[in-house]
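Chains as they are written, first to last, in this note's numbering: chain A, 1 to 491; chain B, 492 to 982.
Glycine included, every Cβ here is placed at the ideal spot set by N, Cα and C.
Contents: one structure, followed by commentary.
Right, here's the structure in full:
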């Protein structure tokens, strides 16, 4: 039996479905979207596997209350896999999720002033450790119930410690961990208290395979691990030796699930939205951005760069509009509210400087609007994706497969997506207003055949990498680990 | 002839002396202090060498005006070496000195908001390139006038491009560059526009030997160079292959010139100051910090940490005082003024929370006061050196050689000095208020024999590494390069 047919156990903070009460008062599952869920659920269904996640909704908590263990057989809903919810107190959940890790991996500190670690940090870290331990214990329990050696696929920075805790409970387990965020460099990781930094790195090193979306993040991880006692990082062969074990460090860029997006794009709702958007744009060109209102997304600099573009290229005034579709994010955090206000002020400043009756350069729409985004993807001439740091960035993939105008992707070199799509995008430094302004101009002035060539290239790259391949590559890695272990045992 | 006897040509932004008009109206040189000047002047004198620097004072500019070339034979003042001043316009000087490089190497950006590179950046970079080219041309000219192959010792981040420009003019030159600042990691270096980042790295790679104060900065440089086309970075052997040349990357921590400091400490002025300070402290213990009012020095967090220490360890209230001796720095820059105000507000907050008549926990003295610092070094029980990032930090060396109370050094792990002195200091994470607070408590509670052991260790490490050794190590490296080249030519 190979790792590929083994029963798979997935762990992630957010599960593949969320239970909510429907109109009849019954608890029913709402399925999450995106490539990650599609890929992992596909693999789970093939092996009748299990997905362990934190309870998110009140409905999820009711599911836990029902049998104590939180186990749901999704067979009842037509899907041959199971989900187990862990009842983690919301406060804990918030402390570890919105806590320090997101900030450090995305270089978000204002180092002269933040971070300042204190007792609250110690408490948040303690809770993070607890949550990770809870996950590891649940995974070990579920692993024990499988007839054959299970395969664990642990997701993201919320669960960095799970590989190590799980390894302690099941030394023979086959464990992969995947980081969906960027990973900070060695010096920047040292902003963290030593216990936390070393805890996270040694936590991850409990895995057999560590996955990242781009080489930059993989290298940063290896350089952070390198100085730790008893760790040998072999950069050339992309592996780490620790405690007599070998940990493979691998780059597997995830992609998106194109099918449902194309279906949505063909729906009457989106067709109507596209019609409205086309009326609204008139005969101007269209620059689009689609993002959560998130510190990492570089929204304010995007508006300033657009202003600089209009200043440097006055011939484009009145002939182009910038549509920003922004969904609210972490509005309970003061830093996020302040940032959202700054972004709106930047857009206003550009509109005041260049706009006049009949032409407002920037329009910002703040709401959760999936259909609106799908419609805008169809119509952009330029898609601006300029995060300061981003593990991957799926907007850079969604746009090109739905766009109908051979629109140009202006892409930050600090998005993981750049590693895969860079050669067909116009790359920009997200801190360089001049380069972003010129990127927009170059995109708008690009000859049609060059635009077409790049648009086709982007679309091809996305389509040639279905989400199943991402999970398959990780299972292949684990299979290689399993075979090597057998050899070692035999010899 | 070995590199050690070759005529040495030093280049640095600031020269070893500054010319000022004395009371009689004559231009006369004022010698700079510190280990760097001592070490390099020592080496220059041995070889009757030359130091090339930017004119700083009006007096320096007059020297340049006198003969156009700006050459001064210091023999006239009793020192057997020469200085050549380059007349660089002050505006240019400011743009490249206070510009972006200091910020990037010390991780000072508030990445969500700064930097935002634009036309001003392009202009500042252009001026930086010009200044570096001016230096390289002057160095090549001077080199051509030497009878034998000269040795160039280029100093610091102001002159990152000089090695390459000089190499183009003198392909056979023996060139060492030393970075006195920290060096940013590969991902953080990518905040810079590509031209600037690559320009700096390739500029440095023009040297034969690149020196850093600590392994962290050397590794960061190598990882930043690694992805560049045509560059092969060999981390294990700490060298880089580029354009058929080998560049050695070396760690040579500089030290201080102890003699003059001990003399100053024994002067009647400092004796008097010590007496006053002793009266002022009464029977309390004394925590001291000595710093420029600089964003990197972490002064505000130091005060907050002291507040946390008093909260966690109320038994120390009224029994300890914190004396901060801060010299003004870059007061023309708004960010620096704002930071200075924030620091004063933090000190005030601690004094309001804990102070009362007869006991004010923190005293801040803001002025240039070398004698006052020497006096305070003699008397501290705890010396707090907690920069967020610092190439080396000489306060961490000056204190221990002058202290008379077996005072304890609480030292940031992000100071280059930590690499050399760490084992005898109490190491702290400069972002961790809790660890700094506990560091102060541990230092104050430390048994006398343990304090003595550490104080002796620190003093011994500093004394065993005179500044001459720092320059000697670099000349040894260059001698090795020279010998290898000869072998290559013969074979």
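Backbone CA spacing between residue i and residue j [nearest angstrom]
i, j, result
"residue 839 of chain B", "residue 909 of chain B", "30 Å"
"residue 19 of chain A", "residue 352 of chain A", "46 Å"
"residue 937 of chain B", "residue 944 of chain B", "11 Å"
"residue 41 of chain A", "residue 51 of chain A", "8 Å"
"residue 356 of chain A", "residue 610 of chain B", "26 Å"
"residue 786 of chain B", "residue 833 of chain B", "11 Å"
"residue 849 of chain B", "residue 774 of chain B", "12 Å"
"residue 364 of chain A", "residue 325 of chain A", "6 Å"
"residue 769 of chain B", "residue 870 of chain B", "8 Å"
"residue 982 of chain B", "residue 651 of chain B", "Below a pLDDT of 50, predicted positions are generally treated as unreliable, and residue 982 of chain B, at 46, falls in that range; no measurement from the model is reported."
"residue 902 of chain B", "residue 880 of chain B", "11 Å"
"residue 731 of chain B", "residue 721 of chain B", "10 Å"
"residue 969 of chain B", "residue 661 of chain B", "16 Å"
"residue 670 of chain B", "residue 512 of chain B", "32 Å"
"residue 883 of chain B", "residue 164 of chain A", "36 Å"
"residue 158 of chain A", "residue 48 of chain A", "25 Å"
"residue 30 of chain A", "residue 23 of chain A", "13 Å"
"residue 805 of chain B", "residue 795 of chain B", "15 Å"
"residue 337 of chain A", "residue 331 of chain A", "6 Å"
"residue 238 of chain A", "residue 469 of chain A", "21 Å"
"residue 242 of chain A", "residue 921 of chain B", "29 Å"
Paired residues, beta bridge with residue i - DSSP
i, result
"residue 410 of chain A", "A:384 and A:426"
"residue 363 of chain A", "A:323"
"residue 484 of chain A", "BP columns for residue 484 of chain A are empty, so no partner."
"residue 9 of chain A", "A:50 and A:152"
"residue 562 of chain B", "B:575"
"residue 289 of chain A", "A:324"
"residue 18 of chain A", "A:30"
"residue 741 of chain B", "B:702"
"residue 242 of chain A", "A:231 and A:245"
"residue 665 of chain B", "B:642"
"residue 936 of chain B", "DSSP output for residue 936 of chain B lists no bridge partner at all."
"residue 847 of chain B", "B:850"
"residue 415 of chain A", "A:390"
"residue 923 of chain B", "A:117"
Residue i, buried or exposed, once every other Cβ within 10 Å from all chains shown has been counted against 16
i, result
"residue 753 of chain B", "exposed"
"residue 385 of chain A", "buried"
"residue 280 of chain A", "exposed"
"residue 550 of chain B", "buried"
"residue 492 of chain B", "Any reading at residue 492 of chain B needs caution, since the residue's pLDDT is 45, under 50, leaving its predicted position unreliable; the model's value is listed next. Label assigned to residue 492 of chain B: exposed."
"residue 453 of chain B", "Absent from the structure is residue 453 of chain B, since the part of chain B shown begins at 492 and ends at 982."
"residue 858 of chain B", "exposed"
"residue 143 of chain A", "buried"
"residue 617 of chain B", "exposed"
"residue 723 of chain B", "exposed"
"residue 291 of chain A", "buried"
"residue 766 of chain B", "exposed"
"residue 554 of chain B", "buried"
"residue 496 of chain A", "Residue 496 of chain A is absent from the model: chain A starts at 1 and stops at 491."
Distance between beta carbons of residue j and residue i, contact taken as under 8 Å
i, j, result
"residue 44 of chain A", "residue 77 of chain A", "Incorrect: roughly 14 Å between the Cβ atoms, too far for contact."
"residue 334 of chain A", "residue 38 of chain A", "No, residue 334 of chain A and residue 38 of chain A are not in contact; Cβ-Cβ is about 35 Å, not under 8 Å."
"residue 715 of chain B", "residue 677 of chain B", "5 Å"
"residue 53 of chain A", "residue 85 of chain A", "6 Å"
"residue 182 of chain A", "residue 416 of chain A", "7 Å"
"residue 905 of chain B", "residue 190 of chain A", "7 Å"
"residue 972 of chain B", "residue 665 of chain B", "6 Å"
"residue 8 of chain A", "residue 153 of chain A", "6 Å"
Any non-hydrogen atom of the ligand SAM closer than 7 Å to residue i Cβ
i, result
"residue 223 of chain A", "Ligands are entirely absent from the displayed structure, and the ligand SAM is therefore not among its contents."
Query raised in the report: So, do the stretch 736 to 754 of chain B and the stretch 879 to 892 of chain B have three or more beta carbon pairs nearer to each other than 8 Å?
Result: Yes, the stretch 736 to 754 of chain B touches the stretch 879 to 892 of chain B.
Report task. Give a yes or no on contact between the stretch 921 to 937 of chain B and the stretch 498 to 508 of chain B, applying the rule of three or more CB pairs nearer than 8 Å. Result -> With the cut-off at 8 Å, the stretch 921 to 937 of chain B and the stretch 498 to 508 of chain B do not touch.
Requested in this report: Spell out a yes or no on whether the stretch 680 to 699 of chain B and the stretch 193 to 207 of chain A are touching, meaning 3 or more CB-CB pairs, one atom from each, closer than 8 Å.
Outcome: Touching, no, given that fewer than three Cβ pairs across the two stretches are closer than 8 Å.
Requested in this report: Please confirm if the stretch 116 to 135 of chain A is in contact with the stretch 923 to 932 of chain B, defined as three or more CB-CB distances below 8 Å between the two stretches.
Outcome: Touching, yes, given that three or more Cβ pairs across the two stretches are closer than 8 Å.
Query raised in the report: Are the stretch 805 to 820 of chain B and the stretch 775 to 783 of chain B touching by the rule of at least three beta carbon pairs closer than 8 Å?
Result: When C-beta atoms of the stretch 805 to 820 of chain B are compared with those of the stretch 775 to 783 of chain B, three or more pairs fall below 8 Å, so the two segments count as touching.
**Report entry** Cβ contact check for the stretch 370 to 379 of chain A and the stretch 400 to 407 of chain A: 3 or more pairs under 8 Å
**Finding:** Short answer: they touch.
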